[in-house]
Every structure is written in structure tokens, then in C-alpha cells.
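A.B. asks:
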Amino acid sequence: MEARLLPHHPICLPRSAPLLPTSVGCVAAARTLPRKPCRPPPVATGGLAAIAVACFLDRVSRRRRRIRGRVFRGLSPEAEAYLAEALHPELFKTKKVEEWLEPEVLRALSRWRESGDASLVDLELLPGIRVEAPGVISFALLRPSVCASLLAEARHYSEGGFPAELPNSMNREGVILNDIGLRPVFTILLRKHLAGIAARLLGNDSERATHLGGVPLGTENWGGSTLNDHHTFIVRYKPQGDRGLAMHVDECDITFNVGLSGGDSFVGGDLAFCGMFGDPTYRRLHHTYRHEVGRCVVHAGKRRHGVTDVEEGERASLVLWTKSLLFRGTQEYKDKCGDIVAGRKPLPEEMGPPDPICLSLTHDRDYLRWSHLL
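Set out below in C-alpha cells:
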């Protein structure tokens with residue numbers, strides 16, 4: 001029997017067990033609860049059985065209160081300790097997440113949040129939304145003041161000597177926000193806000209839009225309707241550190257990338273988008289994008305992209321790598337990229353030579369063959 005932590009029930013339960021005292025899951029959970037006496041109800045009208053149920057529920061309640069700050073919130077001891085040192089403590093309050101967003105974003109999501117039907121997300125109400133290229137969409141998401149606070153918090157953590165891991169396998173400059181106590185906040189941001197947008201842009205056929213103001217979106221299903229996990233971090237690029245980022249695909253299904261520094265604060269640092277992994281146009285340039293403060297660009301994780309070198313200033317961005325474990329178990333995912341990644345299917349033959357900007361010394365085995373194009 002497989003046990004798991006349910007989002008709204010932070011008790012270890014089997015996958016299909018109901019929350020009843022007689023279920024195997026609750027018996028197992030009860031055995032892990034602290035062995036402290038509990039108070040029976042004031043009037044035990046139901047006999048010993050009613051008293052046992054009341055005691056069980058009391059123990060469950062106490063356990064929930066105890067673990068809410070750790071297991072449910074997903075905080076490590078290090079993250080708990082950092083909360084006392086945080087530069088902007090208000091960032092860590094999950095009830096404040098709605099205040100991060102541009103007001104028009106909330107209006108665009110209102111019908112979905114009331115009904116649960118992502119097809120009711122009104123994309124045209126998202127502020128400044130535009131199709132940058134087929135499959136690449138951007139819109140204003142976060143208030144500039146929030147962007148400034150997030151960036152300042154990341155710098156405060158980096159410069160404070162706190163323990164830190166690299167954001168990913170390619171970046172050296174940045175902070176994993178999940179690790180410093182912000183995982184609960186971004187989990188709320190994903191579940192209550194970004195999930196609806198993901199479903200409307202890159203979800204299943206019944207929820208995904210095909211056009212925006214008459215312009216084809218050029219998107220397809222990449223698990224946007226069932227996102228259930230995220231890896232959230234801030235990355236920084238500057239001439240003295242990480243200058244740029246080689247062409248790559250992300251280890252996720254859908255990427256949300258938000259500018260934290262305006263385009264006038266750095267030179268270079270453009271985000272270049274090429275084709276989709278497994279497509280004959282994989283290494284052909286589709287679009288070059290320049291970050292704006294608070295503006296979010298959304299794309300499938302398997303779209304090849306990279307950052308050109310920053311020549312002056314500093315470019316910073318907030319990145320959410322989101323995943324759908326349910327989608328990754330489908331035949332659709334295997335057909336799109338899973339079989340290629342597993343080596344069961346070769347990459348398709350390209351349509352002509354690659355565009356130089358889409359080449360990657362790190363990831364392309366035939367880089368030397370095409371290096372003369374650079």
C-alpha cells in the first residue's frame with residue numbers, strides 16, 4: 001500500500017483510504033501520533049466507540065498543528081531558521097500572495113477560481129498579454145515592488161553566508177527560493193493562480209485556448225491541467241559571474257520566467273527561443289525576448305532557449321519550473337519527448353543547418369561540425 005502526504009490532509013494516508021478511524025490509513029497514522037492523553041467529549045453519549053473517535057480526532061488535530069510548519073509547508077530546519085533573519089518577512093506570508101499580482105491578473109482568473117473550470121480563464125484580460133512566438137506567451141504578472149523585494153531577499157541570503165545550493169546544473173549565481181522558506185508561498189501562487197493560466201495555455205484539449213485575439217497561440221498540451229510540483233529560484237547574470245546561459249531545455253514541463261530587473265539596467269542578456277525538443281526545427285531561432293520588470297514569459301520546458309551574454313549591468317529573473325507527474329506517465333508525453341530522452345527513439349533529422357545562436361557547446365554532440373557558423 002503506497003502512502004503519501006495529501007495537500008490538505010497532512011497525515012500519511014494510503015492512496016485511496018478514507019479519513020475514518022476504521023481505515024488502515026488512519027490506524028497507521030494514529031500509531032505515529034504522540035502518546036498523550038486526550039480529553040473525551042463532555043457527554044459520552046455514544047459509549048466507548050464515540051470516546052475513541054473523539055480521542056483519535058483530537059490526536060489528529062494536534063498532530064496537524066505540530067507538523068503544519070514543517071511537512072505541510074515543506075520547510076527544512078535551515079529555512080525555519082532563516083525566517084528570523086529575513087529581510088522582507090512579509091514575503092513569507094502565504095495570505096499575502098494575491099497582493100503580489102497585478103489586479104488585472106486576478107480579474108482574468110476570477111471565473112476559474114469560482115468554478116474550477118480553466119476554460120473560463122479570460123486570457124485577454126491578462127495585462128499586456130502577447131504572443132511572442134508560437135508557443136511563447138508573455139504578460140504582466142507581478143507588481144514591480146514585489147520584484148524588488150524578491151531580488152533584495154535573494155541578495156540578502158546570498159551575501160549573508162547562509163547555506164546554499166546552486167539553482168540548477170547550469171547557473172552558479174542565484175538562490176533556490178524553495179530552500180529559504182518560500183516554497184509555501186510559491187505553492188500557493190502555482191495552485192491558486194498560475195495553474196489556471198498553465199491549463200489555458202498548455203493544458204488538455206478541453207481547457208487549452210487556440211487563439212488570442214485572432215492570433216494562433218501555437219501551444220499544445222504539456223501537462224498544464226495537472227501541474228503538481230515546482231522548483232522555484234532566482235538567477236542573476238553579470239559580466240563578473242554568469243554572463244549568459246547556453247542553449248538548453250528545462251527539467252520541467254512548463255516554465256514561468258519573470259523579469260526582476262528592467263531592460264535598461266543591463267546590456268545584452270536577451271532570452272533567445274529556438275524550436276521544441278524532438279522537432280526538426282529544434283535548432284532554428286524563433287524569437288528573441290527582452291525581460292521587463294514583473295513581466296512573465298511562459299513556455300514549454302522542452303523548448304530550447306538560452307541567454308545571450310550580459311555585457312554591462314545585472315540581469316535577474318524569477319523562474320518557476322513546474323511539473324505534472326500525471327502527464328509524464330502518459331503515452332502522449334512519451335511520444336513527444338520521453339522516448340527520445342530514454343534513448344528509445346532518435347532525434348528527427350533537422351530541416352537544414354542550425355541557426356548559430358541555437359547551438360550549444362554543452363549539449364550538442366555535433367557542435368564542432370557546425371562551429372564554423374559562429
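Residue numbers (full-length UniProt numbering): 1 to 374.
Beta carbons are placed, not taken as given, at the ideal position from N, Cα and C, and that holds for glycine.
Given the structure is predicted, the values throughout are model-derived calculations rather than measurements.
For ILE357, collect the residues of the same chain with a Cβ closer than 7 Å to its Cβ; drop the 5 residues on either side in sequence, then sort them by chain order.
C.D. replies: Taking the first residue of the sequence shown as position 1, residue 357 is located at position 357. If we look at ILE357 and ignore the five residues flanking it on each side, its Cβ neighbours are ALA272 and LEU285.
A.B. asks: Do the region 208-224 and the region 147-164 touch if we need at least three Cβ pairs shorter than 8 Å?
C.D. replies: Touching, no, given that fewer than three Cβ pairs across the two stretches are closer than 8 Å.
A.B. asks: So what does HIS305 bridge to, in DSSP terms?
C.D. replies: Walking along the sequence shown from the start, residue 305 turns up at place 305. Beta-bridge pairing links HIS305 to HIS248 and PHE273.
A.B. asks: In chain order, which continuous runs of the alpha helix (DSSP H) of length 4 or greater are located wholly inside the region 134-173?
C.D. replies: For the region 134-173, whole alpha helix (DSSP H) runs of length 4 or above, ordered along the chain, are 144-159.
A.B. asks: On a Cα-Cα basis, can you pick out the residue from ASP355, TRP222 and LYS238 that is closest to THR330?
C.D. replies: Translated into the one-based positions of the sequence shown, residue 330 becomes position 330. Among ASP355, TRP222 and LYS238, the Cα nearest to that of THR330 belongs to TRP222.
A.B. asks: Taking DSSP as the reference, what is the three-state secondary structure of TRP222?
C.D. replies: On the sequence shown, residue 222 is found 222 positions in, with the first residue counted as 1. Coil at TRP222, not helix or strand.
A.B. asks: If you follow the alpha helix (DSSP H) that THR232 is part of, which residue opens it and which one closes it?
C.D. replies: As a working mapping, residue 232 is identified with position 232 in the sequence shown. Looking at the DSSP string, THR232 is not in any alpha helix (DSSP H); the run it does join, the beta strand (DSSP E), is 229-237.
A.B. asks: Around the Cβ of LEU374, are there at least 16 other Cβ atoms within 10 angstroms (buried) or fewer (exposed)?
C.D. replies: One-based indexing of the sequence shown puts residue 374 at position 374. So LEU374 ends up on the exposed side.
A.B. asks: Tell me where the alpha helix (DSSP H) around ALA199 begins and ends.
C.D. replies: Along the sequence shown, one-based indexing puts residue 199 at 199. Counting along the chain, the alpha helix (DSSP H) containing ALA199 begins and ends at 195-202.
A.B. asks: Tell me the rounded alpha-carbon separation between GLU90 and SER360.
C.D. replies: Taking the sequence shown and counting its residues from 1, one reaches residue 90 at position 90. Taking the sequence shown and counting its residues from 1, one reaches residue 360 at position 360. Answer to the nearest angstrom: the Cα atoms are 40 Å apart.
A.B. asks: For LEU212 and ILE254, which I take to be in contact (beta-carbon distance under 8 Å), what is that distance rounded to the nearest angstrom?
C.D. replies: Stepping through the sequence shown from its first residue, residue 212 is reached at position 212. Stepping through the sequence shown from its first residue, residue 254 is reached at position 254. No, LEU212 and ILE254 are not in contact; Cβ-Cβ is about 17 Å, not under 8 Å.
A.B. asks: Grab me the residues of ILE137's own chain with a C-beta within less than 8 Å of its C-beta, minus the 5 sequence neighbours each way, in chain order.
C.D. replies: The residue given as residue 137 occupies position 137 in the sequence shown. Cβ neighbours of ILE137 beyond the five flanking positions: ILE129, ARG130, VAL131, LEU201, LEU212, LEU217, THR219, VAL297, VAL298 and HIS299.
A.B. asks: When we look at the beta-carbon of ALA316 and count the other beta-carbons within 10 Å, is it buried (16 or more) or exposed?
C.D. replies: In the sequence shown, counting from the first residue as 1, residue 316 sits at position 316. Classification for ALA316: buried.
A.B. asks: If you draw a straight line from the alpha carbon of CYS252 to that of GLU85, how long is it in whole angstroms?
C.D. replies: Translated into the one-based positions of the sequence shown, residue 252 becomes position 252. Translated into the one-based positions of the sequence shown, residue 85 becomes position 85. Whole-angstrom Cα-Cα distance: 31 Å.
A.B. asks: Determine the burial state of ASN324: buried for a count of at least 16 other Cβ atoms within 10 Å of its Cβ, exposed for fewer.
C.D. replies: The residue you call residue 324 lines up with position 324 of the sequence shown. Reading off the sequence shown, one finds Ser at residue 324, where the question assumed Asn. With 16 or more Cβ atoms within 10 Å of its Cβ, SER324 is classed as buried.
A.B. asks: Give me the Cα-Cα distance between ILE197 and PRO184, rounded to the nearest whole angstrom.
C.D. replies: Residue mapping note: residue 197 aligns to position 197 of the sequence shown, counting from 1. Residue mapping note: residue 184 aligns to position 184 of the sequence shown, counting from 1. Approximately 19 Å between the Cα atoms of the pair.
A.B. asks: Could you check the C-alpha separation between VAL105 and PRO127 for me, to the nearest Å?
C.D. replies: Locating residue 105 in the sequence shown gives position 105, where the first residue counts as 1. Locating residue 127 in the sequence shown gives position 127, where the first residue counts as 1. Cα-Cα distance, rounded: 7 Å.
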